[in-house]
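**Q** The sequence shown finishes on residue 215 if you use the numbering used here, and the numbering steps up by one all the way, no holes.
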Amino acid sequence: ATTPTITTEYVYREGSSPDWTTSVFDSNNTADFSSITPPPYAGLECILAEQGHYGSTRGIRFSTGIPISRDDYVQLSFWIYLTVDLIAAGKTRGYVFLYADNTPASSEYVGYARFESFIDMTLTGQWQLVSIPTAQFSANPINTTIGFLNITLWPNLGSFAPVEFALDEIK
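1. Could you say which of Thr127, Arg137, Asp164 and Thr178 lies nearest to Tyr143 if we only look at CA atoms?
2. Going by beta carbon distance, what residues of the same chain come within less than 8 Å of Ser151, once the five residues before and after it are set aside?
3. Spell out the partners DSSP gives Ile190 in its beta bridges.
4. Considering only residues of the same chain and omitting the five flanking positions on each side of Val128, which have a CB-CB separation below 7 Å?
5. Three or more beta-carbon pairs under 8 Å between the region 97-107 and the region 53-72, yes or no?
6. Can Ser121 and Thr189 be called in contact, C-beta distance under 8 Å?
7. How is the beta strand (DSSP E) around Gln119 delimited, first residue to last?
8. Which whole runs of the beta strand (DSSP E) in the region 46-80 are 3 residues long or more, in chain order?
9. Report back the beta-carbon spacing between Ile186 and Leu211 to the nearest angstrom; my notes put them in contact at under 8 Å.
10. Can the beta-carbon of Phe162 be found less than 8 Å from the beta-carbon of Ser175?
11. Under a Cβ-count criterion, where at least 16 other Cβ atoms within 10 Å of its own Cβ denotes burial, should Gly138 be classed as buried or exposed?
12. For Leu88, which residues from the same chain have a beta carbon less than 7 Å from its beta carbon, with the 5 sequence-adjacent residues on both sides left out?
13. Do Asn184 and His97 have their C-beta atoms closer together than 8 Å?
14. Does the beta-carbon of Gly155 have 16 or more other beta-carbons within 10 angstroms, so that it is buried, or is it exposed?
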């Protein structure tokens, strides 16, 4: 028998370096990248976000110093904790958008995946695992790297009122 080599790229673990650079985009989106509330899934910190304005580059953003090869990774996974029932709050879809470069303003699109089918959008107060095969990000297969990703919720509410959720262990 042989032991496979598994490569893991950490996007977020307690905001630790050399994990990816974190940010938010738009005036209705905020995040605390070193929150202790809710109790983190792993470690001592998680991301506590408020997201009100949906967009392919709006929401919670992560960019790497040097883009990674798409071929080296078979899945994107993260833990999400809902503090509110997203369906009742009017957010019916969750999206992850991937881009080839690490500069959001000029990066080429790799693809997106919706994650609401991986979790219960009404379940609050506990961590849920999202695991998306990277093959689902196939809108532009000519792009062979990943340098930037964005996590966002849809649709925009009439007043763009933010909803709160937490993220942890993005890899």
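Ideal Cβ placement from N, Cα and C applies to all residues, glycine included.
**A** By the coordinates alone:
1. Start at 1 with the first residue of the sequence shown, and residue 143 comes out as number 99. The candidate whose alpha carbon is nearest that of Tyr143 is Thr178.
2. Counting from one through the sequence shown, the residue named residue 151 turns up at place 107. Excluding sequence neighbours, Ser151 sits near Tyr143, Ala144, Asp145, Gly191 and Phe192.
3. Taking the first residue of the sequence shown as position 1, residue 190 is located at position 146. DSSP, once it has assigned bridges, lists Ile112 as partnering Ile190.
4. Against the sequence shown, residue 128 aligns to sequence position 84. Hits under 7 Å: Thr168, Val207 and Glu208.
5. yes
6. Within the sequence shown, the letter at position 77 stands for residue 121. Within the sequence shown, the letter at position 145 stands for residue 189. Against a cut-off of 8 Å, the Cβ pair of Thr189 and Ser121 comes out as no contact.
7. Here the question's residue 119 lines up with position 75 in the sequence shown. Gln119 to Leu126 is the extent of the beta strand (DSSP E) around Gln119.
8. 65-69 and 73-79
9. Reading the sequence shown from its first residue, position 142 is the one you call residue 186. Reading the sequence shown from its first residue, position 167 is the one you call residue 211. Their Cβ separation, rounded to whole angstroms, is 29 Å, which puts Ile186 and Leu211 out of contact at 8 Å.
10. Sequence index remark: in the sequence shown, residue 162 carries index 118 (1-based). Sequence index remark: in the sequence shown, residue 175 carries index 131 (1-based). Going by C-beta atoms, Phe162 is nearer than 8 Å to Ser175.
11. Taking the sequence shown and counting its residues from 1, the one referred to as residue 138 is at position 94. Label assigned to Gly138: buried.
12. Residue numbering aside, residue 88 sits at position 44 when the sequence shown is read from its first letter. For Leu88, where only same-chain residues beyond five positions count, the Cβ hits under 7 Å are Glu58 and Ile80.
13. Stepping through the sequence shown from its first residue, residue 184 is reached at position 140. Stepping through the sequence shown from its first residue, residue 97 is reached at position 53. Not closer than 8 Å, so no.
14. Translated into positions along the sequence shown, residue 155 becomes position 111. Result: buried.
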